[in-house]
Structures are given as structure tokens and as C-alpha cells.
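Numbering (my numbering), first residue to last: 68 to 146.
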């Protein structure tokens, strides 16, 4: 499944990556798959927010066929 990455993650890895996900998709399963594939970025990945179909998710689960878009947004600071 394609996942869009933003900010530091997009710079460090790529703006979009592909990972294998189970038929039930959760925030945890997405982050785990990314950390397994990109262990050097694991600390940043685990602090990131996850949006599925343009809505931030926390404990919800989705069937893979319901998922049209996944975005990973790392914490950002500004001033």
C-alpha cells in the first residue's frame, strides 16, 4: 500500500513509499511496517501522526479496501 510521507520523513526517505499491510489496517500496523522497513528513522516514525483518508487516526481499524490514502506527518516545530 502506498504511504505519503511529509516534512523530515519525506526528506530522509521519500515523499511516497510502498509497504505491505495486513487486511486490517491500524495506526500501529502502519507505523510498525514503516519502522521495520526504515529502522534508521524509527524514532521519528513512532512520534508521527497518521491520517487515513484525510482524517487523523488513533485506535481505529480499517479494512484495507476502505483505505484510499495514508499520510504520515512527523512532529513539526515552527515559530
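Don't be surprised by glycine CBs; every beta carbon is placed ideally from N, CA and C.
Shown here, residue 133 sits in a helix according to DSSP, grouped into three states. Contact between residue 108 and residue 76 holds: their C-beta atoms lie close to 6 Å from each other, under 8 Å. Between residue 68 and residue 116, the gap from beta carbon to beta carbon reaches 9 Å or more.
Under the DSSP assignment, residue 72 falls in the beta strand (DSSP E) whose first and last residues are 69 to 72.
The DSSP-derived three-state label of residue 81 is coil.
Scanning its chain for C-beta atoms nearer than 6 Å, with the 5 sequence neighbours on each side dropped, one finds around residue 71 the residues 83, 138, in chain order. Contact check for residue 129 against residue 91 passes: the beta carbons are separated by less than 9 Å.
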